[in-house]
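Report on one structure; see the data block that follows.
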Amino acid sequence: MINSSLTLSPLIDASENLIYILIIARDATKSKETEEKLQKIEGKLRKTEEIYNLAMEHTRQIIYDYDLRTDKCIWAGAIEGVTGYSFGEFQRLGKDVWILNSIQTDMNRFDGGCCDKEAPEFKEEFKMRKKDGTLIYVENGGFCLKDHEGHPYRTVGVLKDITTQKGTEATLAKIDIFRKQEIHHRIKNNLQVISSLLDLQADKFSNRECIKDSEVLEAFRESQNRVISMALIHEELYKGGELDTLDFSSYIKELAENLFLTYRLINTDISLKTDFEENIFFDMDNAVPLGIIVNELVSNSLKHAFAERDKGEISIKLCRENTGECRNDIEESKNEECKNASFILTVSDNGIGIPEDLDFENLDSLGFQLIFSLVEQLDGEIELKRNNGTEFTIKFTVAEYNCLKSVPASQQLV
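Next comes the structure, spelled out in structure tokens:
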């Protein structure tokens with residue numbers, strides 16, 4: 001069967017009489033086939049567009065194509081579902097909807113800000129308010145096109161409503177915080193139980209007549225103090241806002257005060273002096289060995305430095321090595337990035353001092369063996385000065401964490 005088309009062209013004379021009719025017949029089979037193909041393609045495109053629009057609506061995404069030269073922007077997708085504006089309203093307002101309603105002040109992706117970097121792709125998150133004032137989280141991701149001179153002229157991207165995702169992340173973060181708090185709390189309690197058991201065992205030994213030497217009791221007390229030094233770390237982590245790092249200055253003060261109470265020096269006026277830089281935060285891998293080192297050095301001073309004196313002072317100082325002086329400028333510390341930093345820890349007393357002929361590096365003492373081992377673990381150095389008492393200086397380099405961490409924008413609620 002052949003599809004054909006007929007064209008009739010009448011020929012009329014001057015008196016408007018029909019002379020003849022010109023009939024042109026064409027084989028329209030190919031044209032018909034082409035038309036049917038076009039109809040099928042249009043049908044498929046409509047179906048694809050329906051599926052595409054459905055996908056955009058359900059995934060709450062908006063696609064845009066912004067021409068920086070003409071300031072014209074083409075939008076498609078879940079416009080009303082995401083923003084609350086009708087397509088007509090949104091088309092009239094254009095990119096101004098995002099700039100005016102966004103909470104983030106540096107929302108400049110539509111103005112080519114994404115093209116400042118070498119990489120053409122970009123992704124950012126910001127908050128904006130819908131037409132009804134509801135706050136939502138939006139992810140803006142896409143790429144930037146540049147001309148042969150490297151000047152941006154077009155951005156194409158996807159705006160996605162990620163409010164639900166952010167809510168889920170916030171919930172999971174709270175669960176993780178609670179889990180870590182519970183872990184630190186249980187470890188602290190378990191260590192306190194161990195400390196109490198050591199205390200009970202020491203009391204039992206103290207009541208035995210066969211034990212005349214105080215070495216056994218002293219060993220129990222030293223072990224108890226070491227356990228407490230670790231328990232205090234978990235207590236600080238449990239109480240603090242950060243569960244992976246702790247305010248080391250606050251921890252050391254509490255540790256030293258606990259040691260003063262433990263040794264209960266009678267008829268003596270031994271004072272504690274501390275000098276710490278503010279905002280020094282360490283993780284557990286560094287806080288634990290440093291805590292034990294301070295525990296051993298302060299304990300050693302309390303036990304031996306003032307044996308023949310009724311007055312004295314124990315001093316603990318911690319500062320960054322780059323200045324050698326304690327810096328208490330919070331604003332200055334706030335602006336520093338977290339990175340490896342060198343520190344100087346000094347524990348000193350004005351007691352009787354360690355004799356010059358005593359090689360402290362080869363002492364048969366568990367406490368000093370622990371100190372040397374832990375200093376080595378930190379890749380640090382330890383130095384002893386015997387002027388006007390005893391002064392131990394430990395230099396080490398570890399990862400320093402900024403204590404003034406702000407809550408990520410993705411987890412803030414307004």
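Following our numbering, the numbering of the sequence shown begins with 1 at its first residue and continues without gaps. Using N, Cα and C, we set each Cβ at its ideal position, and we do this for glycine too.
Proximity to residue i [Cα-Cα], best of the options
i	options	result
D147	G353, S299, D67 and V294	D67
V82	T268, P120, N140 and E124	N140
R69	W75, K123, T155 and E277	T155
S348	N388, R309, L358 and E361	N388
I293	L366, Q61 and G167	L366
E391	V398, A399 and I382	I382
N350	L159, R386 and T274	R386
F122	L378, Y137 and L159	L159
T262	L217, F281 and G380	L217
S196	I177, Q181, R226 and T163	R226
F220	D199, A231 and K239	D199
G380	Q369, K395, S373 and F368	K395
K166	P152, I187, F143 and E125	E125
D275	I314, F282 and K303	I314
S86	K72, D71 and I62	I62
G150	P120, D357 and Q39	P120
A231	D203, E169 and Q192	Q192
L135	T164, Y153 and P152	T164
T268	L302, Q369, H304 and D310	D310
P420	F282, D71 and L358	Not covered by the structure: residue 420. The range shown for the chain is 1 to 414.
K239	N190, E182, Y64 and A76	E182
Cβ-based burial, residue i [other Cβ within 10 Å; buried from 16]
i	result
L8	exposed
Q224	buried
D13	exposed
I41	exposed
L384	exposed
I19	exposed
N17	exposed
D436	The structure shown does not extend to residue 436, since the chain is modelled only from 1 through 414, so no value can be given for it.
P355	exposed
D364	exposed
E400	buried
I74	exposed
G37	Here residue 37 is Lys; the residue named in the question, Gly, does not match the sequence. By the 10 Å Cβ count, K37 comes out exposed.
E277	buried
P10	exposed
A173	exposed
V138	buried
F178	exposed
G142	buried
C144	buried
G157	buried
K127	buried
G415	What is shown of the chain runs 1 to 414, which leaves residue 415 out entirely.
L302	buried
E337	Residue confidence is low: E337 scores 46 on pLDDT, short of 50, so the model does not pin down where it sits. Its coordinate-derived value is still stated next. Exposed, by the Cβ-count rule.
Contact under 8 angstroms by Cβ, residue i with residue j
i	j	result
K352	L297	Checking the sequence, you will find Ile at residue 352 rather than Lys. Cβ atoms of I352 and L297: not closer than 8 angstroms.
G424	S229	The displayed coordinates of the chain run from 1 to 414. Any statement about residue 424 would go beyond what the structure contains.
I252	M284	no
A78	R60	yes
I254	L272	It is worth fixing the name first, because residue 254 is Glu in this sequence and not Ile. No; because the gap between Cβ atoms is not below 8 angstroms, this pair is not in contact.
E236	S299	no
K131	G88	no
N286	V375	no
F306	I280	no
L259	N295	yes
Q377	P289	yes
Interface flag, residue i vs chain D, CB-CB below 8 angstroms
i	result
N340	Looking at the structure shown, chain D is missing, and only one protein chain is on hand.
Does the structure place the segment 306-321 close enough to the segment 339-354 that three or more beta carbon pairs sit under 8 angstroms? yes
Could you tell me which uninterrupted beta strand (DSSP E) segments, each at least 3 residues in length, are contained entirely in the segment 244-295, listed from first to last along the chain? 245-247, 269-276 and 281-283
Can you check the segment 353-395 for any beta strand (DSSP E) of at least 3 residues that lies completely inside it and give the ranges in chain order? 381-385
Note down, one range per segment and in chain order, each beta strand (DSSP E) of at least 3 residues found wholly within the segment 120-185. 121-129, 135-146 and 152-161
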